[in-house]
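Heads up: the structure comes next, in structure tokens.
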Amino acid sequence: MDNRGPVLQDAWNRAWRGSSREPAAAYYDITKQRYYGTHCSLAQMGHDSERGLSTVVGFGLVVSREHHHPLFCRPLPGGRNDVITVRETVKELEAMDFRGLTMIMDRGMVSEENVNDVVGAGYHQVGIVRAIDREKPKGAWEYLARWPGKELARSRWLVKRPTGEGLYARAFTAPLYARPLRLAVVEAPDWRAEEKSARDLLLWELEGGSVPDERRPYLRQLLKPVVRKARGRWGFEVDRKAVGEEEARDGRFLMFSTDLSLDAPEMFRMYFERDVVEKCFQTAKGELDLGPIRVRREDRLEAYATVVYLALLLWTWGERRLAEALPRMPQKFRKKYPSLTLWEALRLLDGISWVRFTSGKRIRDWTTQLNGDQETLYRALGVTRLLPVT
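Under UniProt numbering, think of the first position of the sequence shown as 1, with each following residue one higher.
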């Protein structure tokens with residue numbers, strides 16, 4: 001067997017899924033890591049994690065929604081567009097016997113073809129409709145203005161992002177991507193004000209009459225949706241009707257779900273918890289110190305991806321155990337550590353040692369004396385002492 005990585009990941013998946021009853025929902029995303037070796041077939045020119053262009057290797061990661069356990073991690077060609085990775089990801093999940101998943105992906109991976117692939121596998125997808133203009137996707141432009149601002153911006157439609165920002169979201173069912181979908185018009189009041197103000201400033205500058213000739217084409221390009229050809233000195237004029245149409249859609253975007261039973265708050269919550277997969281990438285690069293990449297062969301990159309998978313599985317399992325143990329800890333401890341993370345817990349347990357040495361025929365063991373916080377963590381996590389009490 002040349003490549004045992006996917007087989008091992010599949011076996012570990014079956015092991016942890018056997019003791020978990022979390023909902024069948026998963027987040028999929030891709031990270032691009034810089035490649036520091038001399039040659040690798042997967043290392044290609046692409047955008048790195050700092051948004052710059054460099055030689056990178058891609059890694060696709062799928063994690064479960066509730067406990068953030070990895071479902072699989074795979075290396076990908078660094079120059080491959082994220083959109084075209086969805087089909088092979090769906091096939092991987094099917095091969096690993098995942099049934100009835102709801103997949104949540106970044107808007108950059110959304111396309112009619114990908115929605116068809118996801119639904120064809122018996123899965124659902126939740127996402128944001130990307131690149132909406134007057135022509136495509138068919139119907140999306142009209143849906144954005146389905147409700148005037150006052151009808152949407154009501155307390156009954158309020159939803160809240162994990163960051164605390166309040167938005168308004170209202171759902172309905174309508175055709176999009178050649179199939180019935182559950183759609184939600186979402187409006188962010190701050191974005192609405194910013195977009196209107198930015199456009200008004202550009203219009204003010206363009207119509208002010210004192211614009212340098214070399215800047216006027218640039219302004220026309222920025223204002224292309226609201227400017228049309230006309231007779232006169234400059235050859236264009238502002239289309240006031242188009243300005244009104246843009247204002248009706250300021251600060252709005254369109255969410256969708258192939259599961260017609262979902263309502264706006266659930267779609268919104270599922271999508272905006274999507275940063276958990278990015279946090280997994282950050283954990284791999286940070287606390288787990290799994291980088292940089294210098295291996296060349298594809299089989300070794302597969303092995304690296306499997307190491308990332310296993311490290312994230314152990315890390316997220318530790319987070320799960322810690323979250324379950326926190327309510328059992330004394331109130332004094334919880335007050336001292338109100339938002340204890342796994343990394344902080346490991347730091348608390350740092351320095352504990354078990355040393356065994358021999359002297360002739362005698363064997364002696366020595367262990368670190370635990371402090372009060374360490375004892376509390378041990379008891380809550382169900383950890384026995386390093387040595388039996390004699």
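Quick reminder that beta carbons are idealized off the backbone N, C-alpha and C, glycines included.
Ala264 beta carbon less than 9 Å from that of Trp354: To locate residue 354, count along the sequence shown from 1; it is residue 354. To locate residue 264, count along the sequence shown from 1; it is residue 264. Cβ atoms of Trp354 and Ala264: not closer than 9 Å.
Rounded C-alpha distance that separates Val243 from Ala171: Counting from 1 along the sequence shown, the entry for residue 243 is found at position 243. Counting from 1 along the sequence shown, the entry for residue 171 is found at position 171. So the alpha carbons of these two residues sit roughly 26 Å apart.
7 Å Cβ shell around Ile363 - same chain, five flanking residues per side excluded: As a position in the sequence shown, residue 363 is number 363, starting the count at 1. Cβ neighbours of Ile363 beyond the five flanking positions: Arg356.
Beta carbon of Gln44 nearer than 9 Å to that of Tyr309: Within the sequence shown, numbered from 1, the residue matching residue 44 stands at position 44. Within the sequence shown, numbered from 1, the residue matching residue 309 stands at position 309. Against a cut-off of 9 Å, the Cβ pair of Tyr309 and Gln44 comes out as no contact.
Any non-hydrogen atom of the ligand MN within 8 Å of Leu53 CB: No copy of the ligand MN occurs in the structure displayed, which carries no ligand at all.
Boundaries of the alpha helix (DSSP H) in which Ser197 is found, first to last residue: Working through the sequence shown from its first residue, we reach residue 197 at position 197. Unbroken alpha helix (DSSP H) run through Ser197: Pro189 to Glu207.
Cβ-based neighbour list, Trp16, same chain, cut-off 8 Å, excluding 5 preceding and 5 following: Translated into the one-based positions of the sequence shown, residue 16 becomes position 16. Result list for Trp16: His69, Leu313 and Trp317, in chain order.
Leu260 versus Pro175 - alpha carbon distance: Taking the sequence shown and counting its residues from 1, the one referred to as residue 260 is at position 260. Taking the sequence shown and counting its residues from 1, the one referred to as residue 175 is at position 175. Near 11 Å, if we compare the C-alpha coordinates of Pro175 and Leu260.
Rounded Cβ spacing between Leu93 and Val62 (contact assumed at less than 8 Å): Looking up residue 93 in the sequence shown gives position 93. Looking up residue 62 in the sequence shown gives position 62. With a Cβ gap of about 7 Å, Leu93 and Val62 count as contacting.
Status (buried if at least 16 other CB within 10 Å, exposed otherwise) for residue 391: Outside the displayed range of the chain (1 to 390) lies residue 391, so it cannot be described from this structure.
Delimiting residues of the beta strand (DSSP E) encompassing Phe357: For the purposes of this step, residue 357 is taken as the residue at position 357 of the sequence shown. From DSSP, the beta strand (DSSP E) with Phe357 extends over Trp354 to Ser359.
One or two residues paired with Tyr168 in a DSSP bridge: Position 168 of the sequence shown, counted from the start, is the residue given in the question as residue 168. Looking at the DSSP output, Tyr168 shares a beta bridge with Leu158 and Glu187.
Beta-bridge partners of residue 394, as assigned by DSSP: The question about residue 394 has no answer, for the chain in this structure spans 1 to 390.
Tyr28 to Arg107 span [Cα, whole Å]: Residue numbering aside, residue 28 sits at position 28 when the sequence shown is read from its first letter. Residue numbering aside, residue 107 sits at position 107 when the sequence shown is read from its first letter. Straight-line Cα distance between these residues: approximately 11 Å.
Cβ-based burial, Gly351 [other Cβ within 10 Å; buried from 16]: As a first step, residue 351 is located in the sequence shown; it is residue number 351 there, counting from the start. Answer is exposed; the Cβ neighbour count stays below 16.
Pick from Leu183, Leu254 and Pro327 that is closest to Asp133, judged by C-alpha positions: By one-based count along the sequence shown, residue 133 stands at place 133. For the residues Leu183, Leu254 and Pro327, the minimum Cα distance to Asp133 belongs to Leu254.
Contact belief for Leu76 with Ile30 at Cβ below 8 Å, rounded distance in angstroms: Position 76 of the sequence shown, counting from 1, holds the residue named residue 76. Position 30 of the sequence shown, counting from 1, holds the residue named residue 30. 7 Å between Cβ atoms; contact.
Neighbour-count burial assignment, Thr173, 16 or more Cβ in a 10 Å radius: For this step, residue 173 is matched to residue 173 along the sequence shown. The residue is exposed, with fewer than 16 neighbouring Cβ atoms inside 10 Å.
Where Ala26 falls: helix, strand or coil (DSSP): On the sequence shown, position 26 is the one that residue 26 refers to. Correct three-state label for Ala26: strand.
8 Å Cβ shell around Glu205 - same chain, five flanking residues per side excluded: The sequence position of residue 205 within the sequence shown is 205, counting from 1. Same-chain partners within the cutoff: Val211 and Leu219.
Pro137 in three-state terms, based on DSSP: Within the sequence shown, the letter at position 137 stands for residue 137. Coil at Pro137, not helix or strand.
Met96, DSSP secondary structure in three states: Reading the sequence shown from its first residue, position 96 is the one you call residue 96. DSSP places Met96 outside both helix and strand once states are collapsed to three, so it counts as coil.
Rounded Cβ spacing between Phe72 and Met96 (contact assumed at less than 8 Å): Counting from 1 along the sequence shown, the entry for residue 72 is found at position 72. Counting from 1 along the sequence shown, the entry for residue 96 is found at position 96. Confirmed, about 7 Å.
Segment contact, 8 Å Cβ cut-off, at least three pairs: the segment 184 to 192 with the segment 146 to 154: yes
Nonlocal neighbours in the same chain, by C-beta distance under 6 Å from Arg130, ignoring five residues either side: The residue given as residue 130 occupies position 130 in the sequence shown. Same-chain partners within the cutoff: Arg107 and Val110.
Cβ of Pro75 within 9 Å of any chain D Cβ: No chain D is present in this structure, which holds just one protein chain.
Closest residue to Val56 among Ser64, Ser41 and Glu207 (Cα-Cα distance): The residue given as residue 56 occupies position 56 in the sequence shown. The shortest Cα separation from Val56 among Ser64, Ser41 and Glu207 belongs to Ser41.
Every unbroken beta strand (DSSP E) within the segment 216 to 263, with a cutoff of 3 residues, ordered by chain: 227 to 229, 236 to 238 and 252 to 257
Where the beta strand (DSSP E) containing Arg362 begins and where it ends: As a working note, residue 362 is residue 362 in the sequence shown. Counting along the chain, the beta strand (DSSP E) containing Arg362 begins and ends at Arg362 to Thr367.
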